[in-house]
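K.L.:
The sequence shown finishes on residue 673 if you use UniProt numbering, and the numbering steps up by one all the way, no holes.
In this text, a Cβ means the ideal position worked out from N, Cα and C, and glycines have one as well.
Pasting in a structure now, in C-alpha cells, and then I'll have a few things to ask.
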Amino acid sequence: MIDTVLVANRGEIACRVIRTLKQQGVTSVAVYSDADADAPHVRDADIAIHIGASPARESYLVIDKIIDAAKRSGAQAIHPGYGFLSENAEFAQACADHGIVFIGPPAAAIEAMGDKISARAAVEARNVPTVPGISRPGLTDEEILAAAPGIGFPVLIKPSAGGGGKGMHRVDRIEELAEALTTARREAAGAFGDDTLFLEHFVDTPRHIEVQVMADSHGNVIHLGERECSLQRRHQKVIEEAPSPLLDADTRAAIGQAACDAARSVGYVGAGTVEFIVPSKQPDKFYFMEMNTRLQVEHPVTEQVTGQDLVALQLAVARGEELPVSQNDIQLTGHAIEARIYAEDPAQGFLPTGGRVVKVTEPSGAGVRVDSGIADGSDISSLYDPMLMKVIVHGADRAEALARLDKALADTTVAGITVNTDFCRYLMKVPEVVAGDLDTGLLDRVTDGYQPTTITDDALVAAAMMWLAQRWPSGPVSAWATPDAWRAGRTAAQQIRFAHGAENTLVTIVGSPTGAEVTVHDHIAGNTTDTDDRQPATVSATIHPVGQLWRVTINGVSAQWSVKEMAPDFGHLVLAGPSGTYELRRTEVVRSAGDDASDGDTNLTSPMPGTVIAHSVAEGAPVQAGDAVLVVEAMKMEHTLKAAVDGTVTFHAQPGEQVPAGKLLATVNPEKD
1 MIDTVLVANR GEIACRVIRT LKQQGVTSVA VYSDADADAP HVRDADIAIH
51 IGASPARESY LVIDKIIDAA KRSGAQAIHP GYGFLSENAE FAQACADHGI
101 VFIGPPAAAI EAMGDKISAR AAVEARNVPT VPGISRPGLT DEEILAAAPG
151 IGFPVLIKPS AGGGGKGMHR VDRIEELAEA LTTARREAAG AFGDDTLFLE
201 HFVDTPRHIE VQVMADSHGN VIHLGERECS LQRRHQKVIE EAPSPLLDAD
251 TRAAIGQAAC DAARSVGYVG AGTVEFIVPS KQPDKFYFME MNTRLQVEHP
301 VTEQVTGQDL VALQLAVARG EELPVSQNDI QLTGHAIEAR IYAEDPAQGF
351 LPTGGRVVKV TEPSGAGVRV DSGIADGSDI SSLYDPMLMK VIVHGADRAE
401 ALARLDKALA DTTVAGITVN TDFCRYLMKV PEVVAGDLDT GLLDRVTDGY
451 QPTTITDDAL VAAAMMWLAQ RWPSGPVSAW ATPDAWRAGR TAAQQIRFAH
501 GAENTLVTIV GSPTGAEVTV HDHIAGNTTD TDDRQPATVS ATIHPVGQLW
551 RVTINGVSAQ WSVKEMAPDF GHLVLAGPSG TYELRRTEVV RSAGDDASDG
601 DTNLTSPMPG TVIAHSVAEG APVQAGDAVL VVEAMKMEHT LKAAVDGTVT
651 FHAQPGEQVP AGKLLATVNP EKD
C-alpha cells in the first residue's frame, strides 16, 4: 500500500507530480530549501519539510536529508521527478535499504544506463543499432585521437556519465580534437564527478527522436510512441512534439520495438525514455543514443496524444501491479507540441536572466495545458534550472497544434523577468519548422534571424492613455486639480517613458482622456542614446472603459485593449490588444539585462549571477584580444569571457566563487608602448 509519496524535487515537475497524487487520493509530501520556502510546490503539497540551505548541494542533492524527510512524513515511496537525484543509483539503493519504494527503475538499471559505455554494450547485446564509434572504460585522450580518423569526421565527444548535453562537443577536424577533449573532460568532471569520455561518428543532419517506455515488475514492457526533440540549443531541448512528423507507421513500430528491447536489456521497471539519433534522409536507420531512467521534461506531449497519465502508471508499477494497459491499447490521437519557457534573454545571446516575477499570466483554451513551477512573487535565481514552465497544446493535426501554440505563447506573460516566449513564437514560424523538416542544428542556424518583437505604436498610445486615465479624477473638479499640465496661456505636454524588453520609448501627451494628442518619440535600446531614426508619430486619441476592457480610439479607429496586470504606480503593465500582448514598465532609460559583460576595453564583469568555474590562464599571464580569460557558469550553461585587448591578466574572483551580475572578475592590463 502506498498512500503517502514524497516528491524529491521542486518547480514545475514537483507541482505536476503532486497534481496526480491528489487525483489518486495519495498524500503528497514536498521538500524545500531556504529559497523555496514559499514556492508553489510547497503550497500545493499536503505536507512540506525543510531540508536545508538554498544551494542544491546542501538540500535537494543530499540523500540522507531526503530519506530522513520521507521517514518523518511517513511516506512509503519517493518520486524523484527529473534532474537532482532522479538518475542516482546510490539514491535508489538508499531508498531500498530503508524500506522506501523508489518510484523508478532498480538501482542496477540506473547504473547500467547511466554509464553510456555500459549502456551501449547492453543494448548491442539485444541487437539495438548503435552509432559507429569507440567506447570502453578508461579511454585516454591519445586512444581517442588515434581512433578518430577511422570513425570518420565529424565526430561527437560524449561523457560516459550524465546527460543534458553537458560535456558533449562536435569536432569537425582532427586539429580541434585535443582542445575539445580537454574542455569536455573538465565539464564532465565538474558536472558528474566523472571525466570518462567516448567518441561517436556525428550523424549528418541528425534528428533527435525518443521513445517513451513503461515496464512493470511482471515482465511487461510497452512503448507509448515517440517524441521529436530536434529543436534544441546547446543540446538543451526547447520545443518537443509527438508524434514525430518524420516517421511512418512501419518505422514507428520498429523504433518502438527497439526501445522496448533496450529497456529489457537491463531489466528495466518503471517509466523511461530511450533516445535515438535518426538521419533526416534515412529515418529507417535509427541509432540508440542513451536511455533516461526517469520521467522526461517533455512527457506531457506523450500524455496528450495517448490519453495516459504517466505518473499514474508509475504509481501503479511502484505498487507492484501489472500495467493496466497493453501495447494494443496505446493509440496516438492528434498532435501535441510543448514549448519550454526559460528565464533567458534570446536577444542577448540567451544569457540567463533572473529577478522577481511580478505577475504570471497563463494561457487557456481548447487543447492548452500549462505545467508551471512559478507564481506571482517567485524569485528566480541562478541556483536552479532556468526552465520556469511549459506550455503544451494538443490539436487534431500538426497544423492546428502549431496555431494553438502560437496563440498560447502570445497569451503567456512572466512580468518582471525576461523569458523566451517571443523567441519560441519566432521559431515555430520558421519555414522548416512549419514543414516539419527538422534537425538538431536547425535552431542554431536560424537564431541569427530572430529579432525581438518591437512594441507597436498603437500599444504605446493605449498604454499612455491608460496612464492618463488612471490619473484623471472622476466627477467635476476644480480646474486647478485637473492633471492636464495646464500652464498660463497653454497646456504643456506630459511625458512618460515606457520600457519594453530592451527598448525604451518616450511618449508625450497633451489633453485629457476624452481628447488628447499623443506623440510616440524615440525608441532607445538598452542604456544607449541611439534612436532608430524614425520621425515622431502624433495621433489623436481618446479612451474610455468598457466593462473590464478599455476602448482606445486612435485617429478615428477604435479597438479594445484588455489589462492583464496594472501596478498601482504604473510601474508595470501587461496589456493585450489587436497587435499583440505586451509587458511594459514605466521607467527612465535603463540598462537591459544581459548587456555586454565588458566594462570598457579592459575590465571583464559577470554578465549574470553565477559561479566562476575556471581561470583559462594564470594570474599575470599575457593574453591577446579574443583569448579566453575565465569561465562563468549559470543555470547549467558555461560562458567564456574573453580579452578585448592585448595585455596581462589580473583576477578579482577565484574558481568556485559565486558572483552577482556586474561583478568585476578580471582586468586585462593593456600592453604599454
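What runs of the alpha helix (DSSP H), each 4 residues or longer, lie entirely inside the segment 398-445?
P.N.:
Runs found: 398-410, 421-427, 431-435.
K.L.:
Can you say whether residue 678 is buried or exposed, counting buried as having 16 or more other CB atoms within 10 angstroms of its CB?
P.N.:
One cannot answer for residue 678 here, as it falls past the ends of the chain, which runs 1 to 673.
K.L.:
May I have a chain-ordered list of the beta strand (DSSP E) segments no shorter than 3 residues that lie completely inside the segment 529-581?
P.N.:
537-546, 549-554, 557-566, 573-577
K.L.:
Would you kindly report the start and end of the unbroken beta strand (DSSP E) that includes glycine 272?
P.N.:
Looking at the DSSP string, the run of the beta strand (DSSP E) that includes glycine 272 is 270-279.
K.L.:
Can you list, in chain order, the residues of its chain with a C-beta nearer than 8 Å to that of aspartate 172? Leave out the 5 residues immediately preceding and following it.
P.N.:
Phe153, Pro154
K.L.:
Can you tell which of Glu142, Met214, Pro149, Gly165 has its C-alpha closest to the C-alpha of threonine 182?
P.N.:
Glu142
K.L.:
Starting from lysine 285 and walking both ways along the alpha helix (DSSP H), at which residues does that stretch end?
P.N.:
From DSSP, lysine 285 is part of no alpha helix (DSSP H); its letter is neither H nor E.
K.L.:
Go through its chain and collect everything with a Cβ distance to asparagine 603's Cβ below 7 Å, but skip five positions before and after it.
P.N.:
The residues are Leu664, Thr667.
K.L.:
Under a three-way DSSP split, which group does residue 674 fall into?
P.N.:
There is simply no residue 674 to check, as the chain begins at 1 and stops at 673 in what is shown.
K.L.:
Starting from the C-beta of isoleucine 509, find all residues in its chain whose C-beta is less than 6 Å away, skip the five residues before and the five after it, and write them out in chain order.
P.N.:
Ala464, Leu468, Gln494, Ala516, Val518
K.L.:
How big is the Cα-Cα spacing for glutamate 400 and glutamine 331?
P.N.:
Near 19 Å, if we compare the C-alpha coordinates of glutamine 331 and glutamate 400.
K.L.:
Inspect the CB distances between the segment 365-381 and the segment 535-543 and report whether three or more fall short of 8 Å.
P.N.:
no
K.L.:
Express the C-alpha separation of aspartate 422 and threonine 273 in angstroms, rounding to a whole number.
P.N.:
29 Å
K.L.:
I need the straight-line Cα distance from arginine 591 to leucine 575, nearest angstrom please.
P.N.:
A caution first: arginine 591 carries a pLDDT of 30, below 50, which makes its placement in the model unreliable, though a value can still be read off. Each residue's alpha carbon lies about 23 Å from the other.
K.L.:
Label aspartate 397 either buried or exposed according to how many other C-beta atoms from any shown protein chain fall within 10 Å of its C-beta, with 16 as the threshold for buried.
P.N.:
exposed
K.L.:
On the DSSP bridge assignment, give the partners of phenylalanine 212 in chain order.
P.N.:
The question names phenylalanine, but residue 212 is glutamine in the sequence shown. DSSP lists Thr273 as the beta-bridge partner residues of glutamine 212.
K.L.:
Please report the distance separating the alpha-carbon of asparagine 420 from that of lysine 390.
P.N.:
11 Å
K.L.:
So what does DSSP say about phenylalanine 91, is it helix, strand or coil?
P.N.:
helix
K.L.:
Which residue wins for smallest C-alpha separation from proline 300, given the options Phe651, Ile554, Ala242?
P.N.:
Ala242
K.L.:
List the endpoints of the continuous alpha helix (DSSP H) containing serine 118.
P.N.:
116-124
K.L.:
State the Cα-Cα distance for the pair glycine 270 and valine 7, rounded to the nearest angstrom.
P.N.:
16 Å
K.L.:
Less than 8 Å between the C-beta atoms of arginine 294 and proline 106, yes or no?
P.N.:
no
K.L.:
Could you tell me the alpha carbon to alpha carbon distance between histidine 652 and leucine 383, rounded to whole angstroms?
P.N.:
22 Å
K.L.:
How about the segment 318-335 and the segment 206-222: do they share at least three Cβ pairs that are nearer than 8 Å?
P.N.:
yes
K.L.:
Give the single residue among Ser244, Gln470, Asp36 whose Cα lies nearest to the Cα of serine 512.
P.N.:
Gln470
K.L.:
For the alpha helix (DSSP H) holding phenylalanine 153, just list the boundary residues, first then last.
P.N.:
Phenylalanine 153 -> no alpha helix (DSSP H), and no H or E assigned at all.
K.L.:
Can you tell me whether threonine 413 is buried or exposed? The criterion is at least 16 other CB atoms within 10 Å of its CB, across all chains shown.
P.N.:
Around the beta carbon of threonine 413, a 10 Å sphere encloses 16 or more other beta carbons of the protein chains shown; the residue is thus reported as buried.
K.L.:
Ignore the nearest five residues each way along the sequence and tell me which others in serine 562's own chain have a CB closer than 6 Å to its CB.
P.N.:
Leu549, Ala576
K.L.:
Is the distance from the Cβ of valine 368 to the Cβ of alanine 408 below 8 Å?
P.N.:
yes
K.L.:
Would you call aspartate 569 buried or exposed, if buried means 16 or more other Cβ atoms sit within 10 Å of its Cβ?
P.N.:
exposed
K.L.:
In the DSSP assignment, find the unbroken beta strand (DSSP E) run with methionine 389 in it and report its ends.
P.N.:
387-395
K.L.:
Which of helix, strand or coil does DSSP assign to histidine 50?
P.N.:
Strand.
K.L.:
Beta-carbon within less than 8 Å of proline 132's beta-carbon, same chain only, minus the 5 sequence neighbours each way: which residues are those?
P.N.:
Ile151, Gly152, Glu200, His201
K.L.:
Could you pull the DSSP bridge partners for threonine 611 from this structure?
P.N.:
Bridge partners of threonine 611: Glu633, Gln658.
K.L.:
Please classify aspartate 64 as buried or exposed, where buried requires at least 16 neighbouring CB atoms within 10 angstroms.
P.N.:
exposed
K.L.:
So for valine 131, helix, strand or coil by DSSP?
P.N.:
It is coil, neither helix nor strand.
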